[in-house]
Every structure is written in C-alpha cells, then in structure tokens.
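Participant: Respectively, the protein sequence lines represent chains A and B. Counting the first sequence from 1 gives a position; our numbering is that position plus 1319. Counting the second sequence from 1 gives a position; our numbering is that position plus 1319. Using N, Cα and C, we set each Cβ at its ideal position, and we do this for glycine too.
There are 2 protein chains.
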Amino acid sequence: MTSSLRDQLRQQKPFRSLYQEAFLNVARTETVLHDGIDRVLQPKGLSLTQYNVLRMLRGAGDDGLCRNEIRDRLITRMPDVSRLLDRMEEGGLVSRVRSTEDRRLVNTTLTKRGRTLVDQLDDAVAGEHERQLGHLNQTQLKTLIELLTLARTKE
Amino acid sequence: MTSSLRDQLRQQKPFRSLYQEAFLNVARTETVLHDGIDRVLQPKGLSLTQYNVLRMLRGAGDDGLCRNEIRDRLITRMPDVSRLLDRMEEGGLVSRVRSTEDRRLVNTTLTKRGRTLVDQLDDAVAGEHERQLGHLNQTQLKTLIELLTLARTKE
DNA sequence: TGACATTGGGTGTTATAACACTTATATTCG
DNA sequence: CGAATATAAGTGTTATAACACCCAATGTCA
C-alpha cells in the first residue's frame, strides 16, 4: 500500500523542510480519512459537515443551536451555514424556529428523523474509524492527538 | 488561544473513542493550516490545489505531466483536473500540448509566468509554515510525521 | 485484421462553496 | 429618548466541485 508521501508524490528530492512535510502529511491524512467517512455517509446523502451538524444538535438538546453557534463549532470553515441548514430542513433532518426572546436568533433543532439518522450512523462511523486507525495502539493515538493539539496551539 | 477540540466544539462529554478524537484532530488541524496557507496564496489568486500543481510541474521539468499524473499526485482528491488546468491556462500559468507519440496524452508544462509565480511564493509559504509550526521542535515534528504516515499505512 | 476492452482527455449539468451585500432586531450611550 | 453601532440571519451572484457521460486513440487477442 502506498503510504509514504514522497512515494505518492513521486518526489525524488526530500522535502524542503520538516514543516512542509508535516503540513503535507496532515493534509494527505485528512483526505484519506475524510474519503473513508464519506463512503459511509454517502448512502444516506450526507456530507461530513452535515453529519457533524447532526451530532452537535443531538448534543445540544431540545433548545437546539442558533446558526452562528453551529458555524463556530464546525470543524471546517463554512461560510454559508444558512443554506446548508436549508437543505437539511428540506430533507426533514432539522427544524428551525425563530426565538421569541431575541427575534434575531433562529434556533435549529433535530427532528425525530434527524435524530434517528444520526443514531443509526454512529456504529457505521465508529466502525470506519476503527478500520482506518485500528492498527495504531493507544499510546500512538494519544501522542498523535497531543501533537496535533500542540500544532494548533501557539503560545 | 482556543486549541483543545473539546473547547472549540463546546463538548461536555469526552470523545466517543480515541479514534474519533484523532480523526477530528486531524481534520481540525488541516483546516487551520490550510486556512493559513490560503491567506498567503489568495493575493495571487491561487488555491492550494493550484499551488500544488505549480510545484509539481516545476519538479517535473520540461516534459511536464499529463492530466492523470497530475490528478494522482494531488494531495486532495480532485475529480475535475481538466477544468482546473483550463483556468490555470487562461491565467497564463501553464501550457498544454498534445503528445505526438501517444495522441491520447496532453502534456502540461509551466509557463515562464507560472515558474516565476511559484518561485516567488516559496518563501512566503515557507514563512507561513514556520509561523504555524515553528513552536514544535524537530523531534515533535518527526514524530508527528511518522504517526500520520503510520495512520495511512494499513498492513 | 478487426472486434472489444482499456486508457486518456474532455464536456454537460447540477450541487455546493465562496464572497459581498441586505434586512431585521437589539444594544449602547450622548 | 433616539441616533449610531453591533449582531444575527439570510440572499444574489459567481466560481468551483462533483458526478455521469462521451469521444478519440491505443492496446489486446481471437
């Protein structure tokens, strides 16, 4: 199996710097893992972002979350959450209600259908995670998580 | 600075598994690093994918590369390389010539303008990498690279 | 040789992302 | 109070990604 990046990129020369090599490894790994999860979600017509919205709404309880809160919690930057939610609403996965206390806010909650869907997907997604990363032991996973967290932590 | 994922996601509960936590950390880190590089490339009107094409063409020399070779070397899956190259050709960055030996092939090469642009960007991109990751030491970077490589290597 | 499969490139169309802008409500403070 | 500012959501438009499909050139093999 092709896993070395220099192999995949057919690079003769070494990387310009460890920084660059680390960056490209993060990017490549994200692509590989993301594609795997997409294969699980695609039969249900969900993108990874939509799945993450479902999960965060499940965690948020009955009050749901307003649009900007959803946007800020997303892993990936997403400038057009309104229409993302439009599509999910059309699909019957979420429901939106304008708040009465602050009429600027619109609270989005999971529908029963959305809740059922995300519950169904849990096992499949967990299975895919294990298929992808199951060959790493606990120590390796913890180290990886620590280093990635550190990479995002300046100061 | 917000760096812990549970903090960013406002999660009360711990992650479901180390696998999931690792996946989300990879995804989040990719977003943060990608966004930083985008800020460097945006003034030149380039996406990260286009920049990677420029770099790989520079490395490929005078013969250039055919479309599928470019597609296969890309970090991110990109199903529509033809039109990506169309845009780069319109921008005067690359040039395409149908091969005479095998008339199915179209070789893409860097133009002088494309070459100059990618050369100019090297320092800015390297600087951004250092700004982003400069607080990690060599050992940490190497370990991170190893673990990410391992994560992509099944068997 | 000639039918069939394979490979490489491209196109048509739809869906989604990105960017700038608008409207409605709430807050601040002279 | 009331004008100015800030905040939240959404819209219009363009660019790009995604998906299925097509055509041309080459390779394969009976």
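Using the beta-carbon of each residue, which ones in chain A are nearer than 8 Å to ARG1347 (chain B)?
Facilitator: Taking the first residue of the second sequence as 1, we reach residue 1347 (chain B) at position 28. Under the 8 Å cutoff, chain A gives ILE1394, LEU1467 and ARG1471.
Participant: Could you give the distance in angstroms between the alpha-carbon of GLN1370 (chain B) and the alpha-carbon of LEU1360 (chain B)?
Facilitator: Reading the second sequence from its first residue, position 51 is the one you call residue 1370 (chain B). Reading the second sequence from its first residue, position 41 is the one you call residue 1360 (chain B). Here residue 1370 (chain B) is Tyr; the residue named in the question, Gln, does not match the sequence. Using only the alpha carbons, I get a separation of about 8 Å.
Participant: Under 8 Å between beta-carbons, which chain B residues line up against GLN1459 (chain A)? List them in chain order, please.
Facilitator: The residue labelled residue 1459 (chain A) in the question sits at position 140 within the first sequence. Those within 8 Å of GLN1459 (chain A) in chain B are LEU1466 and LEU1469.
Participant: Got a sec, what are the start and stop residues for the alpha helix (DSSP H) THR1427 (chain B) sits in?
Facilitator: Residue mapping note: residue 1427 (chain B) aligns to position 108 of the second sequence, counting from 1. Premise fails: THR1427 (chain B) lies in the beta strand (DSSP E), 1425-1429, not in any alpha helix (DSSP H).
Participant: Nearest chain A C-beta to MET1375 (chain B) closer than 9 Å, yes or no?
Facilitator: Here residue 1375 (chain B) is taken as the residue at index 56 of the second sequence, counted from 1. Answer yes: the Cβ-Cβ gap between MET1375 (chain B) and chain A drops below 9 Å somewhere.
Participant: For ARG1358 (chain A), which residues in the same chain have their Cβ closer than 8 Å to its Cβ, ignoring the five residues on either side in sequence?
Facilitator: Locating residue 1358 (chain A) in the first sequence gives position 39, counting from the first residue. Excluding sequence neighbours, ARG1358 (chain A) sits near GLU1447.
Participant: Give me whichever residues DSSP pairs with SER1414 (chain B) in a beta bridge.
Facilitator: In the second sequence, counting from the first residue as 1, residue 1414 (chain B) sits at position 95. BP columns for SER1414 (chain B) point to B:THR1428.
Participant: Roughly how many whole angstroms lie between the Cα atoms of LEU1328 (chain A) and ASP1438 (chain B)?
Facilitator: On the first sequence, residue 1328 (chain A) is found 9 positions in, with the first residue counted as 1. On the second sequence, residue 1438 (chain B) is found 119 positions in, with the first residue counted as 1. Spanning the two alpha carbons is a distance of roughly 19 Å.
Participant: Which residues mark the beginning and the end of the alpha helix (DSSP H) in which ARG1377 (chain B) is found?
Facilitator: For the purposes of this step, residue 1377 (chain B) is taken as residue 58 along the second sequence, with counting starting at 1. Looking at the DSSP string, the run of the alpha helix (DSSP H) that includes ARG1377 (chain B) is 1367-1379.
Participant: Between the C-alpha atoms of LEU1463 (chain A) and THR1368 (chain B), what's the straight-line distance to the nearest angstrom?
Facilitator: Taking the first residue of the first sequence as 1, we reach residue 1463 (chain A) at position 144. Taking the first residue of the second sequence as 1, we reach residue 1368 (chain B) at position 49. One C-alpha to the other measures close to 26 Å.
Participant: Can a CB atom of chain A be found closer than 9 Å to the CB of TYR1370 (chain B)?
Facilitator: Residue numbering aside, residue 1370 (chain B) sits at position 51 when the second sequence is read from its first letter. Not an interface residue.
Participant: Quick one, which of B:ARG1450, B:ILE1356 and B:VAL1416 has its alpha-carbon nearest LEU1429 (chain B)'s?
Facilitator: On the second sequence, position 110 is the one that residue 1429 (chain B) refers to. The candidate whose alpha carbon is nearest that of LEU1429 (chain B) is B:VAL1416.
Participant: Hey, is VAL1359 (chain A)'s beta-carbon within less than 9 Å of any beta-carbon in chain B?
Facilitator: Residue numbering aside, residue 1359 (chain A) sits at position 40 when the first sequence is read from its first letter. No, its Cβ sits nowhere closer than 9 Å to a Cβ of chain B.
Participant: Between A:GLN1339, A:SER1336, A:ASN1344 and A:ARG1335, which has its C-alpha nearest SER1323 (chain A)'s C-alpha?
Facilitator: Here residue 1323 (chain A) corresponds to residue number 4 of the first sequence, with the count starting at 1. Measuring from the Cα of SER1323 (chain A), the nearest candidate turns out to be A:ASN1344.
Participant: Per DSSP, which one or two residues make a beta bridge with LEU1384 (chain B)?
Facilitator: Start at 1 with the first residue of the second sequence, and residue 1384 (chain B) comes out as number 65. B:THR1427, per the DSSP bridge assignment.
Participant: How far does the alpha helix (DSSP H) with GLY1355 (chain B) in it extend, from its first residue to its last?
Facilitator: Working through the second sequence from its first residue, we reach residue 1355 (chain B) at position 36. It spans 1337-1360 - the alpha helix (DSSP H) in which GLY1355 (chain B) sits, taken as one unbroken run.
Participant: When the distance is taken between beta carbons, is HIS1454 (chain B) closer than 9 Å to LYS1461 (chain A)?
Facilitator: Numbered from its first residue, the first sequence carries residue 1461 (chain A) at position 142. Numbered from its first residue, the second sequence carries residue 1454 (chain B) at position 135. The answer is no: Cβ separation not under 9 Å.
Participant: When DSSP labels each residue in this structure, what does GLN1330 (chain A) get in the three-state scheme?
Facilitator: What you label residue 1330 (chain A) is simply residue 11 of the first sequence in a count that begins at 1. Coil, per DSSP.
Participant: Hey, how far is the Cα of GLU1388 (chain A) from the Cα of ASN1426 (chain A)?
Facilitator: Residue mapping note: residue 1388 (chain A) aligns to position 69 of the first sequence, counting from 1. Residue mapping note: residue 1426 (chain A) aligns to position 107 of the first sequence, counting from 1. C-alpha separation (whole angstroms): 10 Å.
Participant: Indicate whether VAL1413 (chain B) and LEU1404 (chain B) have their beta-carbon atoms separated by less than 9 Å.
Facilitator: Reading the second sequence from its first residue, position 94 is the one you call residue 1413 (chain B). Reading the second sequence from its first residue, position 85 is the one you call residue 1404 (chain B). For VAL1413 (chain B) and LEU1404 (chain B), yes; Cβs fall inside 9 Å.
Participant: For the alpha helix (DSSP H) containing GLU1409 (chain B), name the first residue and the last one.
Facilitator: Position 90 of the second sequence, counting from 1, holds the residue named residue 1409 (chain B). Where GLU1409 (chain B) is concerned, the enclosing alpha helix (DSSP H) stretches over 1400-1409.
Participant: Please check the pair ARG1432 (chain B) and GLY1411 (chain B), which I expect to be a contact at CB under 8 Å, by giving their CB distance rounded to whole angstroms.
Facilitator: Taking the first residue of the second sequence as position 1, residue 1432 (chain B) is located at position 113. Taking the first residue of the second sequence as position 1, residue 1411 (chain B) is located at position 92. The Cβ separation is near 5 Å, so the contact holds.
Participant: Is the Cβ-Cβ distance between ASP1352 (chain B) and THR1348 (chain A) less than 9 Å?
Facilitator: Reading the second sequence from its first residue, position 33 is the one you call residue 1352 (chain B). Reading the first sequence from its first residue, position 29 is the one you call residue 1348 (chain A). Strictly speaking, residue 1352 (chain B) in this sequence is Leu, with Asp absent from that position. No, Cβ-Cβ distance for LEU1352 (chain B) and THR1348 (chain A) is not below 9 Å.
Participant: Just checking my contact of ARG1335 (chain B) with ALA1346 (chain A) at CB under 8 Å: how many whole Å lie between their CB atoms?
Facilitator: As a first step, residue 1335 (chain B) must be located in the second sequence, where it is residue number 16. As a first step, residue 1346 (chain A) must be located in the first sequence, where it is residue number 27. Going by Cβ atoms, the distance from ARG1335 (chain B) to ALA1346 (chain A) rounds to 25 Å, so no, they are not a contact pair.
Participant: Quick check: what's the CA-CA separation for ASP1391 (chain A) versus SER1401 (chain A)?
Facilitator: Here residue 1391 (chain A) refers to the residue found at position 72 of the first sequence. Here residue 1401 (chain A) refers to the residue found at position 82 of the first sequence. Cα to Cα, ASP1391 (chain A) sits roughly 13 Å from SER1401 (chain A).
Participant: Would you please state the rounded distance, in angstroms, between the beta carbons of GLN1457 (chain A) and LEU1337 (chain B)? I believe it to be under 8 Å.
Facilitator: Here the question's residue 1457 (chain A) lines up with position 138 in the first sequence. Here the question's residue 1337 (chain B) lines up with position 18 in the second sequence. With 8 Å as the limit, GLN1457 (chain A) and LEU1337 (chain B) qualify as a contact, their Cβ atoms being about 6 Å apart.
Participant: Just to confirm before moving on: does the CB-CB distance between LEU1384 (chain B) and LEU1373 (chain B) stay below 9 Å?
Facilitator: The residue labelled residue 1384 (chain B) in the question sits at position 65 within the second sequence. The residue labelled residue 1373 (chain B) in the question sits at position 54 within the second sequence. No, these two residues do not count as a Cβ contact at 9 Å.
Participant: Starting from the beta carbon of ASP1354 (chain A), find every residue of chain B whose beta carbon is closer than 9 Å, and list them in chain order.
Facilitator: Start at 1 with the first residue of the first sequence, and residue 1354 (chain A) comes out as number 35. Here the neighbours are ARG1396.
Participant: By the criterion of Cβ-Cβ separation under 8 Å, what are the contact partners of THR1445 (chain A) in chain B?
Facilitator: Taking the first residue of the first sequence as 1, we reach residue 1445 (chain A) at position 126. What sits at residue 1445 (chain A) in the sequence shown is Ala, not Thr. Per Cβ cutoff of 8 Å: ARG1335, SER1336, TYR1338 and GLN1339.
Participant: Thinking just about the alpha-carbon of each residue, which of A:ASP1441, A:LEU1452 and A:GLN1330 is nearest to the one in GLY1380 (chain B)?
Facilitator: To locate residue 1380 (chain B), count along the second sequence from 1; it is residue 61. The residue with the shortest Cα to Cα distance from GLY1380 (chain B) is A:GLN1330.
Participant: Less than 8 Å between C-beta atoms, sequence neighbours within five positions excluded: which residues of the same chain meet that for MET1397 (chain B)?
Facilitator: Numbered from 1 along the second sequence, position 78 holds the residue referred to as residue 1397 (chain B). Closer than 8 Å at Cβ, skipping near neighbours: THR1368, ARG1390 and LEU1403.
Participant: Within 9 Å (strictly less), CB to CB, does LEU1463 (chain A) reach chain B?
Facilitator: Here residue 1463 (chain A) refers to the residue found at position 144 when the first sequence is read from its first residue. LEU1463 (chain A) counts as touching chain B.
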